[in-house]
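**Q** My structure is below; once you've seen it, I'll send some questions.
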Amino acid sequence: MTLKAKQQQQQNEEAKLVHRRGIYKDSVGASHRFADYQFRPNLCVAMTVAPEMFDTEHAWKCLDLVGESFLLVLLAWPHWIPVTGLMKEFMTTHKTRLHTRVQRDSLTIKDRSGSGA
């Protein structure tokens with residue numbers, strides 16, 4: 001098998017592991033290969049500690065995915081962990097939107113259960 005064919009095969013195998021685009025990987029060489037492609041909120045800590053490692057445009061797109069996927073994590077951010085850089089700007093900008101969405105989603109859940117107004 002040629003080097004090009006091996007590289008193509010490896011890319012095809014990795015493509016099967018990717019379930020979400022636009023995220024930052026937070027591990028390399030995990031014992032289970034799929035774990036390297038999981039979307040975890042750890043990236044928020046990395047963005048807070050080392051914002052210089054992230055491209056601003058890509059980081060914002062990823063943070064929008066975080067907002068959609070890990071809404072409660074952002075709302076429950078521990079007050080003792082300082083928020084800086086992109087995370088601070090994101091949380092300041094989106095806090096009202098996040099609270100509104102949680103209230104709307106909670107109301108929807110209550111309405112469906114029959115105990116809402």
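Sequential numbering from 1 applies to the sequence shown in UniProt numbering. We treat Cβ as the ideally placed atom computed from N, Cα and C, and that holds for glycine.
#1: Is ARG40 helix, strand or coil by DSSP?
#2: Using C-beta distances below 6 Å, list every residue in its chain close to THR56, excluding the 5 sequence neighbours before and after it, in chain order.
#3: Could you give the DSSP three-state label for HIS32: helix, strand or coil?
#4: Quick one: residues in its chain with C-beta nearer than 7 Å to the C-beta of ALA30, no 5 flanking neighbours on either side, listed in chain order?
#5: If contacts are defined as beta-carbon pairs under 8 Å, then THR84 and THR48 qualify, I think. What distance do you get, rounded to the angstrom?
**A** Inspection of the coordinates gives the following:
#1: Coil, per DSSP.
#2: Excluding five sequence positions before and after THR56, none of the CB atoms of its chain fall closer than 6 Å to its own CB.
#3: In this structure, HIS32 counts as coil in the three-state DSSP scheme.
#4: Around ALA30: ASP36.
#5: 6 Å between Cβ atoms; contact.
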